[in-house]
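Counting from 3, one number per residue, gives the positions in the sequence shown under our numbering. Positions of the beta carbon are idealized from the N, C-alpha and C atoms, including for glycine.
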Amino acid sequence: MSGITAGDRQSGAQEGGFGLFLRRWAANPLQMGSVVPSSRALGRRIAALVERSGDEVVVELGAGTGAVTRALLDGGVPPDRLVVVEIVPDMARHLARTLPGVTVIEGDAFALSDALPEAMHGRVGTAICGIPLVLLPTEQQRRFVDAVEAVAPGRGFLLYSYCITSPLPYRTLGLSAKREAWTPLNVPPASVWRYRPAG
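Below is the structure:
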């Protein structure tokens, strides 16, 4: 008997992931959007907001080191129904190594119709965005909205952010917005917003 538990393995993955997170943050702070990975409290809030039925998948965009991904798994999303899209190669490799059963795609969230297998188009129950969209110009935000709509028509997406007010100009982007959750236990405190196509 090795004496290594599942909790030990997860802890080791998180420790290795934190070092990776710091290296990526130092290389490109704006791409990361935060100085620390998301907390378990935030992950639980996001997991509770997931909508999925039948053979639909949950797609996480910009998963980083997988803190929210693990919360989604703990919250009941089956590994074979969880798809992670991460553009940073070393982070994608880390996720693939530490999340058995989860589909990890090294790809661009702004080109989802190319990144996701065609069989998944129209089968996305919930898309979750960890990308700091608030830092991007409106035309880039619109590209993201269009990319999600192309694979999850009418479903919209969840976005976690450190903004108290909507991080997106949702009316300009043709969206409705609802702040679904807030957690002061994240550093910094975070909100979870749900955006859907307006009308």
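Outcome for residue i when other beta-carbon atoms lying within 10 angstroms are tallied against a minimum of 16
i, result
"Arg173", "exposed"
"Trp195", "buried"
"Ile166", "exposed"
"Ala121", "exposed"
"Thr204", "Any answer about residue 204 is impossible in this case: the structure gives the chain only from 3 up to 201."
"Gln142", "exposed"
Chain D within 8 Å of residue i, Cβ atoms only
i, result
"Thr100", "Absent here is chain D; the protein component of the structure consists of one chain."
Reduced DSSP secondary structure (H/G/I, E/B, other) of residue i
i, result
"Arg99", "helix"
"Ala49", "helix"
"Leu32", "Per-residue confidence for Leu32 stands at a pLDDT of 44, beneath the threshold of 50, marking its modelled position as unreliable; the derived number appears in the next sentence. Helix at Leu32."
Cβ-heavy atom distance, residue i to the ligand SAH, below 7 Å
i, result
"Ser163", "Looking at this structure, you won't find the ligand SAH or any other ligand, since it has none at all."
Reference residue i; option with closest CA among the options
i, options, result
"Asp148", "Ala129, Tyr162 and Ser163", "Ala129"
"Ala183", "Pro171, Ala192, Thr105 and Gln143", "Ala192"
"Leu84", "Ala179, Asp57, Arg144 and Ser168", "Asp57"
"Ile89", "Ser163, Glu108 and Val79", "Glu108"
"Tyr164", "Leu187, Leu175 and Ser55", "Leu187"
"Arg42", "Val70, Gly201 and Thr100", "Val70"
**contact_flag[the segment 110 to 120, the segment 157 to 169] where n(CB pairs < 8 Å) is 3 or more** = Fewer than three Cβ pairs drawn from the segment 110 to 120 and the segment 157 to 169 lie within less than 8 Å of each other, which leaves the two stretches out of contact.
**Message:** I'd like the ranges of any alpha helix (DSSP H) spanning at least 4 consecutive residues and lying wholly in the segment 99 to 126.
**Reply:** Secondary structure remark: continuous alpha helix (DSSP H) runs of at least 4 residues inside the segment 99 to 126, in chain order: 114 to 117.
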